[in-house]
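Going by the UniProt record's numbering, the first residue of the sequence shown is number 1, and it counts up by one from there. Ideal Cβ positions, reconstructed from N, Cα and C, are used throughout, including at glycine. What follows is one structure encoded as structure tokens, with my remarks underneath.
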Amino acid sequence: MKTLLLGILFVFTAFVLKAQEGHELWLRSSQKTVPVKIICSKNTPTLAIARQELQQGWQGEPNATVTLSITKNKKIKTDGFRLTQHEVEATTDRGILYGVYELLRRQQTGEGIQDEICNPSYAIRMLNHWDNLNGTVERGYAGMSIFWRKDDPFVVTEQDKTRWQEYARANASIGINGSSINNVNASPTVLTPEYLNRTKAIAAVLRPYGVKTYLSVNFSSPKVIGGLPTSDPLDPAVIKWWKDKVDEIYTLIPDFGGFLVKANSEGQPGPQDFGRTHADGANMLADALTPYGGIVMWRAFVYSSNDKDRAKQAYTEFVPLDGQFRDNVIIQVKNGPIDFQPREPFSPLFGAMKKTPVMTEFQVTQEYLGHSTHLAFLSTMWEECLQSDTYQEGPGSTVARCTDGSLYPQKYTAIAGVSNIGLDTNWCGHHFAQANWYAYGRLAWNNNLRSEQIADEWIRQTFPPASPSTTGSSLYAADWRENFLVPVKRMMLESREAVVNYMTPLGLHHIMSANGHYGPGPWWAPEKMRADWTPPYYHQAGTNGVGFDRTKKGSDAVDQYREPLAAQFNDPATCPDMFLLWFHHLPWDYKMKSGRTLWEEICAHYDKGILQVRQFQKTWDKVQPYVDSSRFVAIQRKLRTQCSDALVWKDACLLYFQQFSQMPIPYYLERPV
Ligand code: GCW
1 MKTLLLGILF VFTAFVLKAQ EGHELWLRSS QKTVPVKIIC SKNTPTLAIA
51 RQELQQGWQG EPNATVTLSI TKNKKIKTDG FRLTQHEVEA TTDRGILYGV
101 YELLRRQQTG EGIQDEICNP SYAIRMLNHW DNLNGTVERG YAGMSIFWRK
151 DDPFVVTEQD KTRWQEYARA NASIGINGSS INNVNASPTV LTPEYLNRTK
201 AIAAVLRPYG VKTYLSVNFS SPKVIGGLPT SDPLDPAVIK WWKDKVDEIY
251 TLIPDFGGFL VKANSEGQPG PQDFGRTHAD GANMLADALT PYGGIVMWRA
301 FVYSSNDKDR AKQAYTEFVP LDGQFRDNVI IQVKNGPIDF QPREPFSPLF
351 GAMKKTPVMT EFQVTQEYLG HSTHLAFLST MWEECLQSDT YQEGPGSTVA
401 RCTDGSLYPQ KYTAIAGVSN IGLDTNWCGH HFAQANWYAY GRLAWNNNLR
451 SEQIADEWIR QTFPPASPST TGSSLYAADW RENFLVPVKR MMLESREAVV
501 NYMTPLGLHH IMSANGHYGP GPWWAPEKMR ADWTPPYYHQ AGTNGVGFDR
551 TKKGSDAVDQ YREPLAAQFN DPATCPDMFL LWFHHLPWDY KMKSGRTLWE
601 EICAHYDKGI LQVRQFQKTW DKVQPYVDSS RFVAIQRKLR TQCSDALVWK
651 DACLLYFQQF SQMPIPYYLE RPV
């Protein structure tokens, strides 16, 4: 009987542990923790967390004394800190908390600590949740919303609070300090008292972790929930409605962050419905928020059905408004001019608006990169964007510098990432998708970090080597670096390029299947559909060639880039291969730099993508001894699907394009993979 009970207990415990695997993210409790003494003269809820984290996570010298000091050191910016092995100095308690997480990270990764000052690149480091009030998540692949639900929507349970707290902690550990908690396709209902009360409850849990709460608002709210006849931003009753609403919000949430707005985009209402401009709309909201220090993040994701080239529209609409926005408005621009594709050149808006703060919006959720099924480490994509030179103020005017206040004076600097978080046990659907949440936070903190370092840190924290005492093998930790860290890191760093290869190589874009954006769909073009919502609009394939002509002879999108880029992009001979079909329509037998024809080059890229994923599978199969079985198997399964998806992508795209190229598939594609 006793044995039976023990057996049941064992199975149950194993089951629970298995179910939890991955839930701890990169914040896994360690067996190496030792006692530490902490000196801190102040006490706030945030400092209490800092202390607790140190106590739970200290892996330095046993019984060492760590001092947490709040000072007025002018070299330390808001949220920044000074770090030594035994001291964290900051000007705010949030700075102390970030310093503590950094200290613990250094201990865990083995990276040394000099006496150093770390200041964040951006003052506001946001996650944007596209969470609907009914609990679904737009472009979410990790389960339902952690914030909203359909049943009992206004009951706040202990489970809710625990999850919000774990979420806030994970954010704080990588420096994220703002969350916009509802979809940019915003329901006006979010501003009704019941939802504002729930928002208040969420804000209360996020606050001690330094995470401010923001809301996405619907521009028609005054009419829809306020009962006004209009939502015209210049109408006095509308202005008063927003002012009163903002007063109401700040009474509930005194440190509320502000509004995120998607207006006159994809059917959302906006100031243009009333003949007003984006500036009129944004400024009206900004004025209501000014007394409280709140901000407006106004999205530049706009394009209309009658535009000849969607890639040009944000620039065309927004650049003429430069200088017309209040100083608490930031224009939020997606990294590329179209829409979160596996690869796009940077949006020409970066650096072009010189009198208006501009922030980058990255997409952490993998809408166009295989959802939470494909392994795609997006850090390399974001690094590529941040390090792109816009030349707007001469060489070295990178996107990073155009947005972080180092080139243009701006009251607020910010960055946003569209969250990939849901109720899934492992938060992100794919264990490796957690690395994208992590990488986004790290780059938001330091826009000069390299993906290699980020991947290294993440692996060390998420899949730490087991200690010899737990495995009984002293070899375990020693060969971990060579047999686990190095190959897994290589796989991560290559993964986004693999996706580009098997989905949209050489500058192809938006050829995903309709709506879902998961598999291939270059052929999809129903008769009555808006052309710019169908793939043929983007690839322009025909017997005369493939690619979108954005040269001076075509849509002239190249001209939105500063020289020398405009000239470089305009000429296929100097245009980087990776953007070739983004800017050019070229014949199938066009001679590439490699000596191959364009058709052969396209084939070679699709082939390479598959081989890369096959290699990822081999890499992963070999690391089995180093990973718990639950995560090992889950990832192995996902890689298997990714590989068959890559094959589908290749077959579908090559067969589709071949009807135009009329050229044979090169022999090397015939070998089995
Ligand atoms: O990428 C597209 C998505 C929409 C999204 C939109 C946007 C929130 O397909 O789902 O809507 O972009 O960014 O507003």
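Check	Outcome
Count the other CB atoms, across all protein chains shown, that sit within 10 Å of the CB of R481; report buried if there are 16 or more and exposed otherwise.	exposed
Rounding to the nearest angstrom, what Cα-Cα distance links S474 and G441 in this structure?	Because S474 carries a pLDDT of 48, less than 50, the predicted location of this residue cannot be relied on, and the following value inherits that uncertainty. Cα to Cα, S474 sits roughly 34 Å from G441.
By how many angstroms is the C-alpha of G542 removed from the C-alpha of S661?	8 Å
Within 10 angstroms of its Cβ, does G507 collect 16 or more other Cβ (buried), or is it exposed?	buried
If you measure between the beta carbons of V333 and A311, is that distance less than 8 Å?	no
So who's on the other strand from I38, going by DSSP bridges?	V66
Could you tell me how far apart the beta carbons of P153 and F219 are, in whole angstroms, since I believe they sit closer than 8 Å?	Rounded, the Cβ-Cβ distance is 23 Å, inconsistent with contact.
Would you mind working out which of G521, E497, W599 sits nearest residue 690, comparing C-alpha positions?	Because the chain spans 1 through 673 in this model, residue 690 falls outside it and cannot be assessed.
Mind checking which residues open and close the alpha helix (DSSP H) that includes I610?	598-622
Assign G519 to one of two classes, buried (16 or more other C-beta atoms within 10 Å of its C-beta) or exposed (fewer than that).	exposed
What does a CB cutoff of less than 6 Å around A433 pick up in its chain, not counting 5 residues either side in sequence?	S372, N420
Can you check DSSP and say which residues form a bridge with Y318?	Looking at the sequence itself, residue 318 is Phe, so the reference to Tyr does not match. DSSP, once it has assigned bridges, lists no residue as partnering F318.
Is the Cβ-Cβ distance between H510 and P535 less than 8 Å?	yes
Pop quiz: I113 and L83 are said to be a contact at Cβ under 8 Å. What is the actual Cβ separation, rounded to whole angstroms?	6 Å
For the ligand GCW, is there any heavy atom lying closer than 7 Å to the beta carbon of F484?	no
Count the other C-beta atoms from every protein chain shown that fall within 10 angstroms of the C-beta of D115, then say buried if there are 16 or more, exposed otherwise.	exposed
For a test of your reading of the model: does the CB of D131 fall under 7 Å from any non-hydrogen atom of the ligand GCW? Yes or no.	no
Run the proximity test for E248: is its beta-carbon closer than 7 Å to any non-hydrogen atom belonging to the ligand GCW?	no
Exposed or buried, Q642, counting other C-beta atoms within 10 Å across all chains shown (16 or more means buried)?	buried
What are the boundary residues of the beta strand (DSSP E) that includes G143?	That residue, G143, is in no beta strand (DSSP E); it is neither H nor E in DSSP.
From what residue to what residue does the beta strand (DSSP E) around I176 run?	Premise fails: I176 is in no beta strand (DSSP E) and is neither H nor E.
Whose C-alpha, out of V364, C575, S30, Q52, is nearest the C-alpha of L126?	The sequence given here places Met at residue 126; Leu does not occur at that position. Per the Cα distances, V364.
Please report the residue range of the beta strand (DSSP E) in which W298 lies.	295-299
If you follow the beta strand (DSSP E) that Q560 is in, where does it begin and where does it stop?	Note, Q560: premise wrong, no beta strand (DSSP E); not H, not E.
Can you give the beta carbon distance from residue 676 to I225, rounded, assuming they're within the 8 Å contact cut?	As displayed, the chain neither begins before 1 nor continues past 673, which places residue 676 out of reach and without an answer.
Just to check my reading of the structure: Y590 and W649 have Cβ atoms closer than 8 Å, yes? What is that Cβ distance to the nearest angstrom?	Wrong, their Cβ atoms sit about 22 Å apart, outside the cutoff.
Shortest alpha-carbon distance to N283 belongs to which of G135, G323, Q313?	G323
Cβ of T403 within 8 Å of Cβ of T360?	yes
In this structure, how does DSSP classify A414 when only helix, strand and coil are distinguished?	strand
Counting only the same chain and skipping the five closest in sequence on each side, list residues whose C-beta sits under 8 Å from that of D104.	Going by the sequence as given, residue 104 is Leu instead of Asp. So the list reads E53, L54, G57, W58, Q59, once near-sequence residues are dropped.
Can you determine whether any heavy atom of the ligand GCW sits closer than 7 Å to the C-beta of F340, and answer yes or no?	yes
Rounding to the nearest angstrom, what Cα-Cα distance links residue 674 and T91 in this structure?	The structure shown does not extend to residue 674, since the chain spans only 1 to 673, so no value can be given for it.
Does any heavy atom of the ligand GCW sit closer than 7 Å to the C-beta of S265?	yes
For F340, which three-state DSSP category applies?	coil
Could you check the C-alpha separation between G472 and F583 for me, to the nearest Å?	Reliability fails at G472, whose pLDDT of 48 lies under 50, so the model's placement of it is uncertain and the value that follows must be treated cautiously. Near 58 Å, if we compare the C-alpha coordinates of F583 and G472.
Could you check if I459 is buried or exposed, using at least 16 other CB atoms within 10 Å of its CB as the buried criterion?	buried
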